[in-house]
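Here's the structure, in structure tokens; my notes come after.
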Amino acid sequence: MATVLPTDLAAHKLTSVVVRVPATTANMGPGFDTIGMALDIWTEIAVEIVAPLQGDALNVLRVTLTNEGEGATELPKDETNLVIVGLKAAFKAAGEEMPRHVKVHCKNRIPFARGLGSSSAGIVGGIIAGLALSGMRLPVQGKEELLQLIEGHPDNVAPAIYGGLQLGIFADNRWYSSRVQIPDGLQCVVFIPDSTGPTSVARAILPPNVSRQDAVFNIGRTAIFVNAFRSGNLDELRFATQDMLHQPQRGAAQYPHLEPLINAALGAGAHGCFLSGAGPTVLAITSGRAGDIFTQQLAERQENKVANAMRETAAAMGVPGCVFITNPDHRGAFIVRAEPRYSDRSVARYEGDIADL
């Protein structure tokens with residue numbers, strides 16, 4: 001799959017663009033570095049090409065970046081910010097010189113460093129904004145530059161771009177993704193601790209090798225996980241969200257709340273529960289007894305029971321945090337508005353290589 005901007009945008013290049021990118025949950029159950037899903041929690045990124053300030057040299061890059069919302073005080077405000085990294089890479093890959101004077105404002109609703117894809121949202125938002133402002137379809141020679149950004153984040157990046165539940169693999173020196181249908185009525189109960197969990201720290205905990213027994217454990221559950229979504233038999237997720245490759249290690253070393261919250265969620269009626277991304281967020285999958293949740297009696301729905309069970313368990317353990325009840329997002333990143341105005345159809349989607357952004 002891919003997001004492509006048509007060449008006719010070059011005839012009327014944009015001066016500003018606003019992009020929305022969803023949160024993502026990755027490492028879903030046994031799908032370590034492979035399975036991710038977009039969530040209805042959003043970051044909005046506004047990028048504007050501005051006139052130089054008085055006294056500014058025309059050939060000097062000046063990027064003004066402001067943040068509000070989640071992580072506003074922690075996120076960098078210079079060119080190391082992942083939005084700027086993605087923006088610059090998109091211009092370079094499109095064969096265009098990046099404008100010298102740019103203003104960027106990020107409204108962050110995705111919790112920062114909690115395992116909900118805030119980093120991938122920044123990269124994806126910067127890339128899409130950069131491609132829109134460059135006014136060009138990404139040429140073949142530009143794929144490698146963006147692939148370097150995407151590599152290492154396929155289970156976050158693919159659902160952030162395309163929405164839905166995505167499977168990602170690396171083959172023939174490129175990333176591929178494939179969408180899996182999400183059953184109607186599925187909801188996600190998300191417990192988000194106040195503490196952060198940097199991915200680099202969480203990854204350093206993991207051993208360099210795994211046993212054959214653990215590999216077989218995860219392979220079997222990954223197959224059942226995908227089949228449960230395709231068939232709608234979500235009760236299978238109780239076992240199909242189990243993992244041996246990263247959850248036991250991270251739970252023991254970093255997140256003592258993980259196993260108790262999983263047990264609490266399952267006990268309250270969740271179909272499955274797992275560590276979201278590299279943590280510390282824990283996500284439970286729920287639904288009603290049948291059909292559309294919005295046509296069901298409240299007593300038939302499980303999300304509030306699961307949310308209360310997770311909240312109470314965390315409180316009993318002295319783990320401060322909050323609970324979100326949200327839905328999967330099926331759309332993925334999109335352009336909210338741009339100047340000059342143009343049709344939303346300027347973003348086309350098709351099946352194929354994840355590198356063909």
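For the sequence shown, full-length UniProt numbering assigns the number 1 to the initial residue and increments by one for each residue that follows. Note that beta-carbon positions come from the ideal geometry of N, C-alpha and C, so glycine has one too.
| Query | Result |
| --- | --- |
| Distance, P154 Cα to I49 Cα | 30 Å |
| Three or more C-beta pairs below 8 Å linking the stretch 213-225 and the stretch 316-325 | no |
| Start and end residues, beta strand (DSSP E) containing S276 | Here S276 belongs to no beta strand (DSSP E), and DSSP marks it neither H nor E. |
| V18 (DSSP reduced to helix, strand or coil) | strand |
| N209: first and last residue of the uninterrupted alpha helix (DSSP H) it sits in | N209 -> no alpha helix (DSSP H), and no H or E assigned at all. |
| Start-end ranges of the alpha helix (DSSP H) lying completely within the stretch 170-237, minimum 4 residues | 199-204 and 212-231 |
| N- and C-terminal bounds of the beta strand (DSSP E) containing N108 | H101 to N108 |
| Spatial neighbours of D329 in its chain, beta-carbon cut-off 7 Å, leaving aside the 5 residues before and after | P22, A38, L39, D40 and G163 |
| Local Cβ density within 10 Å of S200, reported as buried at 16 or more and exposed below that | exposed |
| Test item: CB-CB of Q247 and L275 under 7 Å | yes |
| C-beta contact flag for V19 and I335 at 7 Å | yes |
| Secondary structure of Q166, DSSP reduced to three states | strand |
| Coarse secondary structure for V85, derived from DSSP in three states | helix |
| According to DSSP, residues forming a beta bridge with P328 | L39 |
| Near the ligand MN: G95 beta-carbon under 6 Å from a heavy atom | The ligand MN is absent from the structure shown, which contains no ligands of any kind. |
| Length of the line joining the Cα atoms of R301 and G267 | 14 Å |
| Cβ-based neighbour list, E74, same chain, cut-off 7 Å, excluding 5 preceding and 5 following | F112 |
| Buried or exposed by the 16-neighbour rule on C-beta atoms within 10 Å, applied to Q166 | buried |
| Residues of its chain near R109, where Cβ-Cβ distance is below 7 Å and the 5 sequence neighbours each way are ignored | I41, W42, T43, G69 and E70 |
| Residue from A278, H271 and I84 whose Cα sits closest to the Cα of G251 | A278 |
| Stretch-stretch touch, CB-based, cutoff 8 Å, three pairs: the stretch 221-235 with the stretch 22-37 | yes |
| Close-in-space but distant-in-sequence residues of the same chain around E97 (CB under 6 Å, 5 per side omitted) | none |
| Cut-off 7 Å between Cβ atoms - residues of its own chain near I205, not counting five sequence neighbours on either side | Q249, R250, A253 and Q254 |
| The alpha helix (DSSP H) enclosing N263, as first and last residue numbers | L258 to G267 |
| Supposed contact pair V190 and T281 - C-beta distance, whole angstroms, cut 8 Å | 6 Å |
| Reduced DSSP category for F334 - H, G, I as helix; E, B as strand; rest coil | strand |
| Cβ-Cβ distance between L237 and I285 below 7 Å | yes |
| First and last residue of the uninterrupted beta strand (DSSP E) at N308 | Here N308 belongs to no beta strand (DSSP E); instead the alpha helix (DSSP H) covers E303 to A316. |
| 8 Å contact criterion, which L14 and E339 should meet: CB distance rounded | 6 Å |
| Separation of N156 from T196, as counted between CA atoms | 18 Å |
| Candidates R100, N81 and G135, of which the one nearest V124 by Cα | N81 |
| Proximity of G272 and T241 at Cβ, strictly below 7 Å | yes |
| Helix, strand or coil at A51 [DSSP, three-state] | coil |
| Sequence-distant residues of its chain with Cβ nearer than 6 Å to I126 (five each side left out) | The amino acid at residue 126 is misidentified as Ile; the sequence shows Gly. For G126, where only same-chain residues beyond five positions count, the Cβ hits under 6 Å are V83, G86 and L87. |
| Expected contact under 8 Å - CB spacing of I161 and A333 to nearest Å | 5 Å |
| Whole-Å CB distance - V104 paired with I45, under 8 Å assumed | 7 Å |
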